[in-house]
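There are 2 protein chains.
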Amino acid sequence: MGKQPNIYMDYASTAPTVPQVVEAMAPYWEHTFGNSDSQHRFGRDAANALEKARSTIADILSCHPVELVFTGSGTESDNLALRGTALAARQNGTGNHIVTTTIEHRAVEATVEQLGDFFQFDITRVPVNEFGQVSPEDIARAIRPDTILVSVMAANNEVGTVQPIFRIGQVCRQHGVLFHTDAVQAAGKLPLEVADCNIDLLAISAHKIYGPKGVGLLYIRRRTPFVPPITGGHQERGRYPGTVNVAGAVGLATAYEIAETIRVDECRRLRALRDQLIQNVLSTIPDSRLTGHPSQRLCNIASFAFRGIEGEDLVVRLDQTGVSASTGAACSSGEPEASAVLDAMGIPQEWGTGSLRLSLGRFTTEDDIARVVGLLPDIVAQLRSHS
Amino acid sequence: MGKQPNIYMDYASTAPTVPQVVEAMAPYWEHTFGNSDSQHRFGRDAANALEKARSTIADILSCHPVELVFTGSGTESDNLALRGTALAARQNGTGNHIVTTTIEHRAVEATVEQLGDFFQFDITRVPVNEFGQVSPEDIARAIRPDTILVSVMAANNEVGTVQPIFRIGQVCRQHGVLFHTDAVQAAGKLPLEVADCNIDLLAISAHKIYGPKGVGLLYIRRRTPFVPPITGGHQERGRYPGTVNVAGAVGLATAYEIAETIRVDECRRLRALRDQLIQNVLSTIPDSRLTGHPSQRLCNIASFAFRGIEGEDLVVRLDQTGVSASTGAACSSGEPEASAVLDAMGIPQEWGTGSLRLSLGRFTTEDDIARVVGLLPDIVAQLRSHS
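Those sequence lines, one after another, are chains X and Y.
At position 334 of the first sequence (counting the first as 1) the number is 334 in the numbering used here, and the numbers step up by one without a gap.
Numbers in the numbering used here are just positions in the second sequence, counted from 1, shifted up by 387.
#1: Check whether the Cβ atoms of residue 394 (chain Y) and residue 758 (chain Y) lie closer than 9 Å to each other.
#2: Are the CB atoms of residue 83 (chain X) and residue 61 (chain X) within a distance shorter than 9 Å?
#3: Alpha carbon to alpha carbon, how far is residue 435 (chain Y) from residue 680 (chain Y)?
#4: Ordered along the chain, which non-local residues of its own chain (more than five positions away) have a Cβ less than 6 Å from that of residue 600 (chain Y)?
#5: Checking contacts by CB at 9 Å: is residue 604 (chain Y) closer than that to chain X?
#6: Scan the region 198–226 of chain X for residues whose Cβ lies nearer than 8 Å to a Cβ of chain Y and list them as they occur along the chain.
#7: Quick test of your reading: residue 16 (chain X) and residue 417 (chain Y), contact by CB under 8 Å. State the CB separation rounded to the nearest angstrom.
#8: Whose C-alpha, out of Y:483, Y:561, Y:576 and Y:591, is nearest the C-alpha of residue 651 (chain Y)?
#9: Drop a sphere of 10 angstroms on the beta-carbon of residue 270 (chain X), count the other beta-carbons inside from all chains shown, and report buried for 16 or more, exposed for fewer.
#10: So residue 283 (chain X) is in the beta strand (DSSP E); what residue range does that whole segment cover?
#11: Which whole-angstrom value is the C-beta distance of residue 564 (chain Y) and residue 536 (chain Y), which I expect to be below 8 Å?
#12: Roughly how many whole angstroms lie between the Cα atoms of residue 531 (chain Y) and residue 486 (chain Y)?
#13: Would the region 446–465 of chain Y count as touching the region 19–36 of chain X if we require 3 or more Cβ pairs under 8 Å?
#14: Counting only beta-carbon separations shorter than 9 Å, does residue 378 (chain X) have a partner in chain Y?
#15: Output needed for residue 723 (chain Y): all residues of its chain with C-beta closer than 8 Å, excluding positions within five of it in sequence on either side, in chain order.
#16: Where does the unbroken beta strand (DSSP E) through residue 190 (chain X) begin, and where does it stop?
#17: Is residue 535 (chain Y) near the ligand NAD - that is, is its Cβ less than 8 Å away from at least one heavy atom of it?
#18: Flag this pair as touching only if the region 466–483 of chain Y and the region 251–265 of chain X have three or more C-beta atom pairs under 8 Å; answer yes or no.
#19: Three-state secondary structure (DSSP) at residue 216 (chain X)?
#20: Do residue 628 (chain Y) and residue 621 (chain Y) have their C-beta atoms within less than 9 Å of each other?
#21: Would you kindly work out how many angstroms separate the C-alpha atoms of residue 562 (chain Y) and residue 533 (chain Y), rounded to a whole number?
#22: Report buried or exposed for residue 524 (chain Y), applying the criterion of at least 16 other Cβ atoms within 10 angstroms of its Cβ.
#23: Three-state secondary structure (DSSP) at residue 11 (chain X)?
#24: Check the Cβ-Cβ distances between residue 4 (chain X) and every residue of chain Y, and say whether any is below 9 Å.
#25: Any beta carbon of chain X sitting closer than 9 Å to that of residue 572 (chain Y)?
#26: Which class does residue 317 (chain X) belong to by DSSP, given the choice of helix, strand or coil?
#27: Taking the Cβ atom as the reference point for each residue, do residue 583 (chain Y) and residue 553 (chain Y) lie within a distance shorter than 9 Å?
#28: Leaving out five residues on either side along the sequence, give the residues of the same chain with a beta carbon under 6 Å from the beta carbon of residue 701 (chain Y).
#29: Give the C-beta separation of residue 250 (chain X) and residue 53 (chain X) to the nearest angstrom, bearing in mind that I take them to be a contact with Cβ-Cβ under 8 Å.
#30: With which residues is residue 391 (chain X) paired in a DSSP beta bridge?
#31: Below 6 Å CB to CB, which residues in the same chain sit around residue 363 (chain X) once its five sequence neighbours on both sides are set aside?
#32: Between residue 435 (chain Y) and chain X, is any beta-carbon pair separated by less than 9 Å?
#33: What residue range is occupied by the uninterrupted beta strand (DSSP E) comprising residue 149 (chain X)?
#34: Below 9 Å between beta carbons is the criterion; list the residues of the region 157–168 of chain X that meet it against any residue of chain Y, in chain order.
#35: Report, in whole angstroms, the separation of the C-beta atoms of residue 34 (chain X) and residue 401 (chain Y), which I expect to be a contact under 8 Å.
#36: What are the start and end residues of the alpha helix (DSSP H) that includes residue 497 (chain Y)?
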């Protein structure tokens, strides 16, 4: 095994920054290094690059550039969305209730927890079905006169299930409630036209779409009441102050532009690889099951549960054979917790601990799939024989 | 003038990312691109780089690596410091009062404003003297039994005045109050040994020390009560969640290491250039004055007030002649406001509007100084004759 190249199957956790993006960022380190806020030529050059990046993304999302805020991460974008609208609602006395789901990423879940426990907002977590999907009708039923915001992720990071955000957006609009979606996993895989989907706030992360780490984006629809949860200068119209990361903004825009250009073809390719992987795993490994929705799932995520083993052991054994994968929510995978998402989907404990996410990406090949399919049955069998 | 190279004299606003830093970050785009949180070889390689960067900075600050948190900017570090300790105090019922000064950067001032107006904390802003310096005795007098935090910048961004943070740290320790300092301008110019100075929280920005934009650092002394104002996964021990910007952390560490290595010599060089600039300006331009402290000032900041002109006009004229400078607080220089810092120092309005900051840096030469000294008297005279 040692001679074979490593197989990276954790693209949902992070992706490499591709050469075109590295190249696009290059002028903004030493040459066009000005503070985009400065009133001189160095500042203007930086500001021009920043606004060009903003426009590129506005074209992709079909929104106005002023509606876009560059942040430090997808997590931060989610935080700004939830906290900014919650603080504004408190200031304006417009309500105290937030609706979300039981399978949100920690960036949303931990934030609504604090908004609930610390800031006394009322939180309703709408459950999901066995496929990890929330129903727009359930969202509608959870909305109350004092509801200020609905937050539902566009696609789940762990099982890849795509949520009916178009219909949830309609429900929110009908009820006059703001709609936030964490689109960190969906960006580059699904079309995200914010106006069509009635989305008021949308969070994206650069490094999931082959851009740099440390750069996020938040779409905030114009006239959305917003009190900045991070304060300082007037950068990003005061919504995310601090000297703007111009290179990062250019990197995000470049990465997103590439991802959108190749999206349809690349998703078709990945979907075929993903389905090959799923079919092989399910047919060769006893007591295995697919987690998440059978068809309404991201093109790049194959997620499984294997009865009676520990996902963490599985990831360690795969790593020893040169395959990088993850179990549970990748962003908190340092914690030896059972998957909260699978639990929320009603998957029994003896299956839920044996979760595995194999997420494919731009550099995944058929050979990679074949090798993983060849390795996995033995590894699962060995783990079962040891336990 | 058009043929001459541009002269950048706005290093206090931002500095170029130097080639050694760009080079140090390079492996972390495409090659060692893993999520430092992942449990496989790509993750471990990223985590190793991250922890090496953290250790490098811990050595500089004489602290423990776990006390360091990588953030998205200096502004964000200040926000985390103030909000994190304020929320913890609220949770623990330990007090409701924050002491700061009248000349803080917007990252601190706007945050204490919101903590005061929105979250009902009590804020005391201790005034400064004509040199922009706060007295430790005044800080001591402002501390009350319910004071939780004192926030005083290490050096002012606009006039370069260095604050007596060693003695303020002693005062805070004597009173059992946390001490935060915004060291964004001081880093790389002053030694910052957090333990010696009794500093509990210290904020730094990478791009001011020739590192990348979009990366900040917050030192949080162990056992400092802290409720994270941004929530999500457990990265950075939950104090700043979100996938860590590994390249950025490596960039910050590399930049800071270089800055510390050359600090003493480079500051000596800059101080000589700065004093040459100050002496020439004051002797050749009538109705000009130095702002800030005559001797206790950052080695790289020369700041002036010229009676009866507008600083913004001055910056525009300088820009037309190829000199990049700033007026007022550089980070909010898009706003046509009179300098709040000069106002707080008691400088009369007719002087305060005519503020100019010339901040020198690693690529500033004697020729640059000579050219600016040659240009400035005529420009000031022209502006005066027009008004």
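Positions of the beta carbon are idealized from the N, C-alpha and C atoms, including for glycine.
Please read all numbers here as calculations on a predicted model, not as lab measurements.
Looking at the coordinates:
#1: yes
#2: Judged by beta-carbon spacing, residue 83 (chain X) lies beyond the 9 Å limit of residue 61 (chain X), meaning their Cβ atoms are not closer than that value.
#3: 43 Å
#4: If we look at residue 600 (chain Y) and ignore the five residues flanking it on each side, its Cβ neighbours are 594.
#5: no
#6: 205, 207, 212, 213, 214, 215 and 216
#7: 5 Å
#8: Y:576
#9: Its Cβ being crowded by 16 or more others within 10 Å, residue 270 (chain X) is buried.
#10: For residue 283 (chain X), there is no enclosing beta strand (DSSP E); the enclosing alpha helix (DSSP H) covers residues 246–284.
#11: In this structure residue 564 (chain Y) is in contact with residue 536 (chain Y), their Cβ atoms being roughly 7 Å apart against a cut-off of 8 Å.
#12: The alpha-carbon separation between residue 531 (chain Y) and residue 486 (chain Y) amounts to approximately 9 Å.
#13: no
#14: no
#15: Reliability fails at residue 723 (chain Y), whose pLDDT of 46 lies under 50, so the model's placement of it is uncertain and no value is given.
#16: Counting along the chain, residue 190 (chain X) falls outside any beta strand (DSSP E), and DSSP gives it neither H nor E.
#17: Looking for the ligand NAD in the displayed structure turns up nothing, as the structure carries no ligands at all.
#18: Taking 8 Å as the limit for Cβ pairs, the verdict is that the region 251–265 of chain X does not touch the region 466–483 of chain Y.
#19: Residue 216 (chain X): strand per DSSP, three-state reduction.
#20: yes
#21: Near 11 Å, if we compare the C-alpha coordinates of residue 533 (chain Y) and residue 562 (chain Y).
#22: exposed
#23: coil
#24: no
#25: no
#26: DSSP places residue 317 (chain X) in helix when its eight states are reduced to three.
#27: yes
#28: 743
#29: 5 Å
#30: With chain X running from 1 to 387 in the structure shown, residue 391 (chain X) is simply not present.
#31: none
#32: no
#33: 147–151
#34: Listed by position along the chain: nothing, the set is empty.
#35: 7 Å
#36: 493–504
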